[in-house]
Amino acid sequence: MTVRTRFAPSPTGYLHVGGARTALFNWLFARKHGGTFVLRVEDTDEARNTEEARQAIFDGMKWLGLDWDEGPEKGGAFGPYYQSQRTAIYDTWFEKLVAAGRVYEDGGAWRFRFERQPVTMHDLVCGEVTIDYTDESNTPDMVVKRSDGSYVFHFVNVVDDLEMEITHVIRGEDHLMNTPKHLQLIAAFGGKAPQYAHIPLILNPDGSKMSKRDAGAAVADYPRQGFLSVAVVNFIALLGWNPKTEQEIFTLAELVERFSLENVNRSPGRFDLEKCKWVNQQHLLDVSVDDFAIASRPFVEAAGLPIPENYPAVIAAVKDKVRLFSDVPAAVDFLLKDDFSYDEDAVAKVRGNAAAGGLLGALATAFEPISDWSADAAKAALNETAQAAGAKPGQLMFPLRVALSGRGHGPDIGDVLTLLGRDRCVARVRHFAEKLS
RNA sequence: GACCCGUUCGUCUAUCGGUUAGGACUCCAGGUUUUCAUCCUGGCAAGAAGGGUUCGACUCCCUUACGGGUCGCCA
2 MTVRTRFAPS PTGYLHVGGA RTALFNWLFA RKHGGTFVLR VEDTDEARNT EEARQAIFDG
62 MKWLGLDWDE GPEKGGAFGP YYQSQRTAIY DTWFEKLVAA GRVYEDGGAW RFRFERQPVT
122 MHDLVCGEVT IDYTDESNTP DMVVKRSDGS YVFHFVNVVD DLEMEITHVI RGEDHLMNTP
182 KHLQLIAAFG GKAPQYAHIP LILNPDGSKM SKRDAGAAVA DYPRQGFLSV AVVNFIALLG
242 WNPKTEQEIF TLAELVERFS LENVNRSPGR FDLEKCKWVN QQHLLDVSVD DFAIASRPFV
302 EAAGLPIPEN YPAVIAAVKD KVRLFSDVPA AVDFLLKDDF SYDEDAVAKV RGNAAAGGLL
362 GALATAFEPI SDWSADAAKA ALNETAQAAG AKPGQLMFPL RVALSGRGHG PDIGDVLTLL
422 GRDRCVARVR HFAEKLS
């Protein structure tokens, strides 16, 4: 049996992390087993569907790297993949229910008559769960066809999973209580039920349900914030699933190799943006300087900073010090423009050393005549200046850093010296020395 | 309210009856780096509560509490 999974979003809003993770697990499971991953658009709610939402979902999946084998833009033997285009198919399946006497009219709508008995499901994640359908007041017969002739979710979802020969339905736990309904429908059709796996939901940091407007909820925000898609995938994969190793940073291929439904957790997880950023930083370490420069450039431009010719060299100096591409502008601004601001705490720290001003003044003078400027030449000058004043070279490093960058943290001083060039270094050191006095 | 699912450091998690309850993020302290970051070392920090079962329970059972989910002519 070939594995066939599907992701079936309704285009009523942007792709959020919960949906993305559902898509991811389906994708991973299909890839892991050499199966087929289907994308099906559940656009039966005409009032709420929008073209923008549909596009946002496609864009989100593409950004995450979750390519589908069948579905919109791709085709396949089980199309069409928009439910709004499958009415004729639903009509024939509905007739089966009519013929079997399992539906009855109620107020213009058609209800499916449940078998009044306990329904047991064997969920790949939740295990065996039994819901009692004996009491009709708790489980009223469900509407499958609305009075306007359209079909409801439960019906089309089940029909399509059958029609498209879906073998594994991996979906959010919010669907667990729907499953008996679906099982009853499948039984009425005489169909073979897919295997179900209900995965726990993702919560906000405070434990509340994560929904729209919550920080980190929209997948589209991640590229805007400068996340790498592989990092986001890595992070959400580990939220509710664990690979049973202490390794935490994975490539897509490694996730595929290790993924299994048995290791999906049962309890909902909270979304920790800090850890997500850390995961991103770890992945950033593997990005080449050139790729990093290309990816970070839009963020730097958006901040209104000029892009110098030696931009890749600038990036090389800060690459390993940022967690997101969006951190880059603030990390490089002093390298790209002269009117940067000084961090008051760092300046105060330098003022704590009464000799700093004089030393920096002397340093500027020592820098000035260097014709063959380099980090080594500058450092040699720094050592001489310090020795001449009877100070340790190390004492000058921090003041120099603040003089050149305006802050106490940043790239390697040697890199800064090189990138800035002699004249700017002299000017900045002199200016800062005067500022101190 | 009824019905389902769940509950290990603040967060993500390991443990599948016997462990000093391990790792990661965050935070703190040292070390390395003449500077910053990386990195290394160390530290803080957990089995919701109460009953059982057992020689022995985080692990199995029950109850309670708490959290989440579902109860639509939404999906």
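Here the working numbering is used: the first residue of the first sequence is 2, the next is one more, and so on. Ideal Cβ placement from N, Cα and C applies to all residues, glycine included.
- Message: So, with DSSP's three-state summary, where would you put tryptophan 69?
- Response: Within the first sequence, residue 69 is the residue found at index 68, counting from 1. Reduced to three states, the DSSP call for tryptophan 69 is coil.
- Task: Could you tell me the distance, in whole angstroms, from the CA atom of asparagine 235 to the CA atom of lysine 436?
- Result: Within the first sequence, residue 235 is the residue found at index 234, counting from 1. Within the first sequence, residue 436 is the residue found at index 435, counting from 1. The alpha-carbon atoms of asparagine 235 and lysine 436 are separated by roughly 48 Å.
- Task: Please list, in chain order, all residues of the same chain as alanine 376 whose beta carbon is under 6 Å from its beta carbon, the five residues on each side excluded.
- Result: Position 375 of the first sequence, counted from the first residue, corresponds to residue 376. These residues qualify, in order along the chain: Gly415, Leu418, Thr419.
- Task: Would you mind sorting histidine 123 into buried or exposed? The rule is 16 or more other CB atoms within 10 Å of its CB.
- Result: Looking up residue 123 in the first sequence gives position 122. Exposed.
- Item | Assigned exposure category for asparagine 27 - 16 Cβ within 10 Å defines buried | Taking the first sequence and counting its residues from 1, one reaches residue 27 at position 26. Its Cβ being crowded by 16 or more others within 10 Å, asparagine 27 is buried.
- Message: With the cut-off set at 8 Å, would you say arginine 408 and aspartate 344 are in Cβ contact?
- Response: Indexing the first sequence from 1 puts residue 408 at position 407. Indexing the first sequence from 1 puts residue 344 at position 343. Yes, the pair counts as a contact, with Cβ atoms nearer than the cut-off.
- What did DSSP end up calling glycine 456 once you bin it into helix, strand or coil? For the chain, the structure presents residues 2 to 438; residue 456 sits outside this window and is missing.
- Query: Would you say phenylalanine 156 and valine 170 are within 8 Å of each other, going by their C-beta atoms?
  - Reply: Along the first sequence, read from residue 1 onward, the residue named residue 156 stands at position 155. Along the first sequence, read from residue 1 onward, the residue named residue 170 stands at position 169. Cβ distance not < 8 Å, so phenylalanine 156 and valine 170 don't count as in contact.
- In this structure, does DSSP put valine 323 in helix, strand or coil? Residue numbering aside, residue 323 sits at position 322 when the first sequence is read from its first letter. Coil, per DSSP.
- Task: Note the first and the last residue of the continuous beta strand (DSSP E) segment covering phenylalanine 38.
- Result: What you label residue 38 is simply residue 37 of the first sequence in a count that begins at 1. Per DSSP, phenylalanine 38 belongs to the beta strand (DSSP E) from 37–40.
- Message: Please report the distance separating the alpha-carbon of alanine 218 from that of tryptophan 64.
- Response: Position 217 of the first sequence, counted from the start, is the residue given in the question as residue 218. Position 63 of the first sequence, counted from the start, is the residue given in the question as residue 64. For alanine 218 and tryptophan 64, the distance between alpha carbons rounds to 15 Å.
- Query: So, alanine 194 versus leucine 202, is the Cβ gap smaller than 8 Å?
  - Reply: Sequence index remark: in the first sequence, residue 194 carries index 193 (1-based). Sequence index remark: in the first sequence, residue 202 carries index 201 (1-based). Result no, Cβ atoms of alanine 194 and leucine 202 do not sit closer than 8 Å.
- Secondary structure of isoleucine 237, DSSP reduced to three states: Taking the first residue of the first sequence as 1, we reach residue 237 at position 236. Helix at isoleucine 237.
- Which whole-angstrom value describes the C-beta separation of valine 220 and glycine 61, a residue pair presumed to lie in contact below a C-beta threshold of 8 Å? By one-based count along the first sequence, residue 220 stands at place 219. By one-based count along the first sequence, residue 61 stands at place 60. Right, the Cβ-Cβ distance comes to about 4 Å (below 8 Å), so this counts as a contact.
- Query: Who pairs with isoleucine 414 in a beta bridge, going by DSSP?
  - Reply: Taking the first sequence and counting its residues from 1, one reaches residue 414 at position 413. Bridge partners of isoleucine 414: none, in fact.
- Among Val323, Phe341, Ile295, the one whose alpha carbon lies nearest that of asparagine 311: Taking the first residue of the first sequence as 1, we reach residue 311 at position 310. When each option's Cα is compared against that of asparagine 311, the closest is Ile295.
- Task: Would you give the residue range spanned by the beta strand (DSSP E) that phenylalanine 113 belongs to?
- Result: As a position in the first sequence, residue 113 is number 112, starting the count at 1. Looking at the DSSP string, the run of the beta strand (DSSP E) that includes phenylalanine 113 is 110–113.
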